[in-house]
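Q: Residues in the sequence shown are numbered consecutively from 39, following this note's numbering. Glycine included, each C-beta is placed from N, C-alpha and C at the ideal position.
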Amino acid sequence: FGFLALVAALTLIITIEVSIVCTYVQLCAEDYLWWWRSYHRGGSVAAYVAIYSVGFLFNTLHNLSGFVPVVLYLAYTGLMAWCMFLASGTIGFLSSYLFTYKIFESVKAD
């Protein structure tokens, strides 16, 4: 499980960094509507997982016979991608929220 933990940690770090950088660029452009965008940017990892899983179905699991096993595989893949979207989107939003809070905490209002 060492390699899996490494991949999960790297995914977590990259999701946090991408969300913070995109939020920073958006705030520099004076666009303050960053809330849902940070959530969707963080959750976009799930699209890659879903596309990779469908490609895995066609390339590696091509000998999967029957309609029901394919539907079950796609249903579980969709459920896994949705859960990953929720988790990574939440991580992206919370990291952007903390970043924005820390930025505006240091600004003095006269």
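For the segment 82-146, which segments carrying the alpha helix (DSSP H) assignment without a break, of at least 4 residues, lie completely within its bounds, in sequence order?
A: The segment 82-146 contains these whole alpha helix (DSSP H) runs: 83-97 and 105-143.
Q: Give me the residue from Gly116, Ala47 and Ile52 with the minimum Cα distance to Leu95.
A: Counted from its first residue, the sequence shown places residue 95 at position 57. Comparing Cα-Cα distances from Leu95 to each of Gly116, Ala47 and Ile52, the minimum goes to Gly116.
Q: Can you grab the Cα-Cα spacing for the pair Phe123 / Val145, in whole Å?
A: Position 85 of the sequence shown holds residue 123. Position 107 of the sequence shown holds residue 145. Approximately 33 Å, taken between the alpha carbons.
Q: Measuring straight from C-alpha to C-alpha, what distance separates Tyr135 and Ala119?
A: For the purposes of this step, residue 135 is identified with residue 97 of the sequence shown, where counting begins at 1. For the purposes of this step, residue 119 is identified with residue 81 of the sequence shown, where counting begins at 1. Using only the alpha carbons, I get a separation of about 24 Å.
Q: Helix, strand or coil for Ala67, going by three-state DSSP, please let me know.
A: Numbered from its first residue, the sequence shown carries residue 67 at position 29. Three-state DSSP puts Ala67 in coil, outside helix and strand.
Q: Can you give the Cα-Cα distance for Trp74 and Phe131, rounded to whole angstroms?
A: The residue you call residue 74 lines up with position 36 of the sequence shown. The residue you call residue 131 lines up with position 93 of the sequence shown. The straight-line gap from Cα to Cα measures roughly 8 Å.
Q: Would Ser126 and Gly81 qualify as a contact pair, given that the criterion is a beta-carbon distance under 8 Å?
A: For the purposes of this step, residue 126 is taken as residue 88 along the sequence shown, with counting starting at 1. For the purposes of this step, residue 81 is taken as residue 43 along the sequence shown, with counting starting at 1. Yes, they are a contact pair.
Q: Thinking C-beta only, is Thr61 closer than 8 Å to Thr138?
A: By one-based count along the sequence shown, residue 138 stands at place 100. By one-based count along the sequence shown, residue 61 stands at place 23. Result yes, Cβ atoms of Thr138 and Thr61 sit closer than 8 Å.
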